[in-house]
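Q:
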């Protein structure tokens, strides 16, 4: 795994040969009045989606705002669509079979396989958070955002949404019958790997493809390395969520820790509802903390492999990694089976991490110290 060094092998790349307005050299120039009108309308639509994005996820919005402008709209739109599918999948007041049908309807609408507009007003009323109600009420407007990006970018967004929703569908089918009295676990570690790829690892591929399309080209050998670490990067962030949300998931009847691993220490998924089993469970839990940290280290290697001139891109990758690692540190000393404990990095610490990364970026030594190698990784 990566050792946190910023001196990774530099990528072979060259900048995209494209005009600032996105046209290719030699392309016929449209009428100026038409271009001005279209750009004005497009800009207003993008601003509307940005305001919604800020309300839906303040933490991701920080990452989005620092992204290079060339890829910001596409990634923001993909996030809104994925967040909408996730909101539907998690609306537990509605039977899981109905959620599955609705999720597939939304996926097909995003893919353009049917043209019937969706109306989620009734579903929106079931949401506790105003931002998620708004997300579902405005779903057609969000889907319409696909028209604001190029056809190739539309394909990339649709591809990643297809993979994400496949993971969400599997989740609903697997955990649909689960209750706090009948906790269901994944069967094996490979099942966990598959799940984390579908709902998060694939985002690393999408992110990398966007970077390649709009910022710089990669030589094949470096492309392969970046794609692999991009997948592990996304999986690492999802593993942090799983480790942090363990107690909450258990009380929904869900256990993402593999059944075969639990059996090795004489536990069943239902046993994890009892905080007295913390000591035995720690044998498994701590191993997955290490596993998640190794995946985040791959994300740090990914970040350092990006050309240094793309400061915004590198910072947008570094922030979730550094916050995720801090979360893992806190989980190492938290009684994770006790539902009274909820781990969250304080907002003041998040801002300190962001400030430290911005100040450190110009200096290789200071940047390296942001993510020191631990004994577990060496």
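In the working numbering, the protein residues as written are 55 to 432.
Yeah, the Cβ is synthetic: ideal placement off N, Cα and C, and Gly gets one too.
Going by beta carbon distance, what residues of the same chain come within less than 7 Å of residue 356, once the five residues before and after it are set aside?
A: 280, 283, 284, 287 and 371.
Q: Counting C-beta neighbours from all protein chains within 10 Å, is the total for residue 219 16 or more, i.e. buried, or is it exposed?
A: It is buried - the Cβ of residue 219 has at least 16 other Cβ atoms within 10 Å.
Q: Indicate the three-state DSSP secondary structure (helix, strand or coil) for residue 308 in the structure shown.
A: Correct three-state label for residue 308: strand.
Q: CB residue 369 to CB residue 120, shorter than 8 Å?
A: Yes.
Q: Between which two residues does the alpha helix (DSSP H) containing residue 255 stretch?
A: Where residue 255 is concerned, there is no enclosing alpha helix (DSSP H), given that its DSSP letter is neither H nor E.
Q: Grab the span of the alpha helix (DSSP H) containing residue 211 for me, first residue to last.
A: Element bounds for residue 211: 205-229.
Q: Suppose only complete runs of 4+ residues qualify. What are the alpha helix (DSSP H) ranges in the segment 154-205, listed by chain order?
A: Here the runs fully enclosed are 175-178, 184-191 and 193-198.
Q: The alpha helix (DSSP H) with residue 362 in it runs from where to where?
A: Unbroken run through residue 362: none, as it is neither H nor E.
Q: Note down the Cα distance separating residue 314 from residue 341, rounded to an integer number of angstroms.
A: Going by the C-alpha atoms only, they are around 14 Å apart.
Q: Compute the beta-carbon to beta-carbon distance between residue 143 and residue 153, rounded to the nearest angstrom, for a pair I have assumed lies under 8 Å.
A: Contact flag correct, Cβ pair sits at about 6 Å.
Q: Which first and last residues belong to the alpha helix (DSSP H) in which residue 319 is found?
A: Element bounds for residue 319: n/a, residue is neither H nor E.
Q: DSSP three-state call for residue 270: helix, strand or coil?
A: Strand at residue 270.
Q: Bridge partners of residue 238, per DSSP?
A: In the DSSP output, where bridge partners are listed per residue, residue 238 has 308.
Q: Within this structure, are the beta carbons of residue 390 and residue 307 separated by less than 8 Å?
A: No, Cβ-Cβ distance for residue 390 and residue 307 is not below 8 Å.
Q: Which same chain residues, not among the five before or five after residue 242, have their C-beta less than 6 Å away from its C-beta?
A: Closer than 6 Å at Cβ, skipping near neighbours: 312 and 314.
Q: Does the distance from the C-beta atom of residue 210 to that of residue 164 stay below 8 Å?
A: No, Cβ-Cβ distance for residue 210 and residue 164 is not below 8 Å.
Q: Below 8 Å on the Cβ atoms is my contact criterion, and I expect residue 298 with residue 381 to pass it. Report the Cβ-Cβ distance as a whole number of Å.
A: Confirmed, about 6 Å.
Q: Can you give the Cα-Cα distance for residue 160 and residue 426, rounded to whole angstroms?
A: The alpha-carbon atoms of residue 160 and residue 426 are separated by roughly 43 Å.
Q: Near residue 250, which residues of its chain fall below 7 Å by C-beta distance, leaving aside the five closest residues on each side in sequence?
A: 289, 292 and 293.
Q: Where does residue 141 fall in DSSP's three states?
A: Helix at residue 141.
Q: By the 10 Å Cβ neighbour count, where 16 or more other Cβ atoms means buried, how is residue 358 classified, buried or exposed?
A: It is buried - the Cβ of residue 358 has at least 16 other Cβ atoms within 10 Å.
Q: Suppose the cutoff is 6 Å on Cβ atoms and the five residues either side in sequence are ignored; what does the same chain contact list for residue 423 look like?
A: Nothing listed; no residue qualifies.
Q: If you run the structure through DSSP and keep just helix, strand and coil, what is residue 427?
A: DSSP places residue 427 in coil when its eight states are reduced to three.
Q: Which value, in whole angstroms, describes the spacing of the CA atoms of residue 181 and residue 327?
A: Rounded to whole angstroms, residue 181 to residue 327 spans 27 Å at the Cα level.
Q: Would you decide whether residue 264 is buried or exposed? Buried here means 16 or more other CB atoms lie within 10 Å of its CB.
A: That one is buried.
Q: With a threshold of 8 Å, are at least 3 pairs of Cβ atoms found where one atom belongs to the segment 121-129 and the other to the segment 252-264?
A: As far as the Cβ criterion goes, the segment 121-129 touches the segment 252-264, which means the pair count is three or higher.
Q: Quick one: grab the DSSP three-state call for residue 117.
A: Correct three-state label for residue 117: helix.
Q: Reducing DSSP to helix, strand and coil, say where residue 388 ends up.
A: Correct three-state label for residue 388: coil.
Q: Whether or not the segment 109-117 and the segment 182-194 are in contact is what I'm after, with contact meaning three or more pairs of Cβ atoms, one per stretch, closer than 8 Å; do they touch?
A: The segment 182-194 is in contact with the segment 109-117.
Q: State yes or no: is the C-beta of residue 106 within less than 8 Å of the C-beta of residue 134?
A: Yes, these two residues count as a Cβ contact at 8 Å.
Q: Short check: CB of residue 392 to CB of residue 323, under 8 Å?
A: It is not a contact, given that the beta carbons lie outside the stated cut-off.
Q: Could you tell me which residues DSSP pairs with residue 233 in its beta bridges?
A: Answer is 236.
Q: Just verifying my parser: in three-state terms, what is the DSSP assignment at residue 328?
A: Reduced to three states, the DSSP call for residue 328 is coil.
Q: For the candidate residues 300, 150 and 403, whose alpha-carbon lies nearest to that of residue 395?
A: With distances taken between Cα atoms, residue 395 lies closest to 300.
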